[in-house]
Structure formats: structure tokens, C-alpha cells
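Undergrad: Here you go, one structure.
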Amino acid sequence: MTEERVEHLLAEVHDEFGVIRVLEVADYRFLEFGDAIEQSCVFTADPSWLEYDYTRAMLIGALCHEQPESALFLGLGAGTLTQACLKFLPLEDVEAIELRPDVPRLAIQYLGLDDDPRLYIRVGDALELLETAEPADLIFVDLYTDVGPGVGHLAWRFLENCQKRLNPGGWLVINQWATDDGKPLGAALLRGLYHRHYWELPVKEGNVILIVPADLDQELDMQALLARAEGLTPRLGYSLQSLIKAIRPAT
1 MTEERVEHLL
11 AEVHDEFGVI
21 RVLEVADYRF
31 LEFGDAIEQS
41 CVFTADPSWL
51 EYDYTRAMLI
61 GALCHEQPES
71 ALFLGLGAGT
81 LTQACLKFLP
91 LEDVEAIELR
101 PDVPRLAIQY
111 LGLDDDPRLY
121 IRVGDALELL
131 ETAEPADLIF
141 VDLYTDVGPG
151 VGHLAWRFLE
161 NCQKRLNPGG
171 WLVINQWATD
181 DGKPLGAALL
191 RGLYHRHYWE
201 LPVKEGNVIL
211 IVPADLDQEL
221 DMQALLARAE
231 GLTPRLGYSL
241 QSLIKAIRPA
251 T
């Protein structure tokens, strides 16, 4: 007999966009938007632990950079990916832009988000605030609402400006929905926008992580990526190798 899943509601907030909840189930806490749409999962004992393949795949995108010093997160959620990047990468400056003011507060209060001096959180719409963000070595786009990807995930000008905000040698990592055929949402738009010069990493949650270089001369060094991931395995507590092997050129 399996143990019954007992949910404890730790917090519930109503804002102009709807409902935000924090739930606890055994060793995990969940950030949910709207009608039980899970946004983030946190392993309470270690908030930098990445439970899901899509977050691990986004970390792989970050590892494409040899020595990233700055990162910009468009969409914070519970901050697990942000925490992992702060812990495992040589970052000095990290900025996060989050639409909903209660999300960072709940993340700090209930979801183990550290008050790290390297992390600067701004509240507002990423589409409007992007131009005032500092250029970065890594930019992550993860703008999900309770009904799916935010408009930024298919907004040509915004996605173009994300790439332009990268420092030379930088990488843009986008958590994109997958369509039924396994291609990223807006595949034709993405191919045109980034001149087919990016890589895709499909994951079992039904997303495709896009790994986009700052410019067309920049290639993905798979051997270096594998070596960096391998070097991190003891600290991460899991291997990224099988995910890295699933990386494919733009479809």
C-alpha cells in the first residue's frame, strides 16, 4: 500500500493575476499558481536540488559557458534554478525579474531562497524591464502563468532583445513548451529569429529547452560541456550525462 499524499497549505495569496499557493507534501514544497498548476518544486532539505529534468536541462544550458560571471533570470518562481546557479557556477552578479511581488517574498519565507548578496530581485514585467537589465553572460527565460507560457515566449522583438542583452560568448536558455510533435512552441519563428543556430534539449515534462548562443560564430563544445558536467556530478548528487546526450541541433 502506498503512503497517502498529505498536502499542507502553508500560504495562499491573491493578487491581480490570481492565486499563489505554497504547499508542503512530505519532504517537498510546491509553488502553485491558479488552479493547482505547479510552478516549482523544492526539496526542503536542499533548495538548490533540481528535482525536474527541465531545470537540470536549463542548468546544462548554463554550463555551456566556460566561466559565467553574470546571469539574468526572467521569471524567478521558487528560485531553485537561481539557487543552483549561485551555488555551482562562478557567478558574481545575478539579477532576477519577477512579475508578481508575492513570489520572491514567498520564495524567501517558505521555499528556502537565500538572501544572497549577489542576487538582486526586481518586481515587474520582464518584457518591459529587459532593456534596463545589465547585459549578462547567461540569460534564462522561464515566464509561465497558470495557463501556460507567457507572451514573451512567442514575442519576436522580446526574444531578439534577450539575445542582444548577452555579453559576447554568452548563452540564452529558454524553457519552451513542446508541441505534440516534440518541437518547441513557435519553432518556425525561432528558426527565423535565431537563423537555425541554436540547440534543443527535449525533456520528459513536455518542454524543450533552447540553448541559444550570443552570435552565429559561437559553437557548442560538447566535450567541454560533458567535462564540466562530469566535474560537478559529485556536488550535484546526480548526473547530467543522459540529458546532455539528448541535445540536438535546431529542428
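According to full-length UniProt numbering, the sequence shown is numbered sequentially starting from 1.
All C-beta atoms in this analysis are idealised placements derived from N, C-alpha and C, irrespective of residue type, glycine included.
1) When you compare each of Leu185, Ala214 and Asp146 to Gln39 by their alpha carbons, which one comes out closest?
2) Cα-Cα, which of Trp49, Gly148, Ala224 and Leu119 is closest to Gln67?
3) Go through its chain and collect everything with a Cβ distance to Arg248's Cβ below 6 Å, but skip five positions before and after it.
4) Using CA coordinates, which residue listed in Val123, Gly192, Met222 and Pro135 is at the minimum distance from Lys245?
5) Specify, as a first and last residue, the run of the beta strand (DSSP E) that Arg122 falls within.
6) From Asp35 to Cys41, what distance separates their C-alpha atoms?
7) Considering only C-alpha positions, which residue in the set Pro213, Leu111, Glu134 and Leu23 is nearest to Tyr120?
8) For Pro104, which of helix, strand or coil comes out of DSSP?
9) Here's a check: name, in chain order, each residue in its chain whose Cβ is nearer than 8 Å to the Cβ of Val94, leaving out the five neighbours to either side.
10) Taking the alpha-carbon positions, what's the Ala78 to Gln218 distance?
11) From this set, Ala96, Glu16 and Gly186, which residue's C-alpha is nearest Ala136's C-alpha?
12) Should Tyr238 go down as buried or exposed, given a rule of 16 or more other Cβ atoms within 10 Å for buried?
13) Helix, strand or coil: how does DSSP classify Gln218 here?
14) In whole angstroms, give me the CA-to-CA distance for Met1 and Ala26.
15) State the Cα-Cα distance for the pair Tyr198 and Lys164, rounded to the nearest angstrom.
16) Excluding the five sequence neighbours on either side, which residues of its own chain have a C-beta within less than 7 Å of the C-beta of Leu193, listed in chain order?
17) Roughly how many whole angstroms lie between the Cα atoms of His8 and Thr251?
18) Taking 8 Å as the threshold, find out whether the segment 166 to 181 comes into contact with the segment 45 to 52 through three or more Cβ pairs.
19) Reducing DSSP to helix, strand and coil, say where Arg5 ends up.
20) Out of Leu138, Gly75 and Glu128, point me to the one whose CA is closest to Ala107's CA.
21) Looking at the strands, I want to know which residues DSSP matches up with His14.
22) Give the straight-line distance between the Cα atoms of Asp215 and Leu129, rounded to the nearest whole angstrom.
23) How big is the Cα-Cα spacing for Glu12 and Gln109?
TA: Let me spell this out:
1) Asp146
2) Ala224
3) Glu200
4) Met222
5) Leu119 to Val123
6) 16 Å
7) Glu134
8) helix
9) Ser70, Ala71, Leu72, Phe73, Thr82, Cys85, Leu86, Asp116, Arg118, Leu119 and Tyr120
10) 32 Å
11) Ala96
12) exposed
13) coil
14) Bear in mind that a pLDDT of 49 at Met1, under 50, signals an unreliable position, so the number given afterwards is only what the model happens to contain. Taking the straight line joining both Cα atoms gives about 17 Å.
15) 15 Å
16) Trp156, Leu159 and Glu160
17) 42 Å
18) no
19) coil
20) Gly75
21) Val19
22) 23 Å
23) 13 Å
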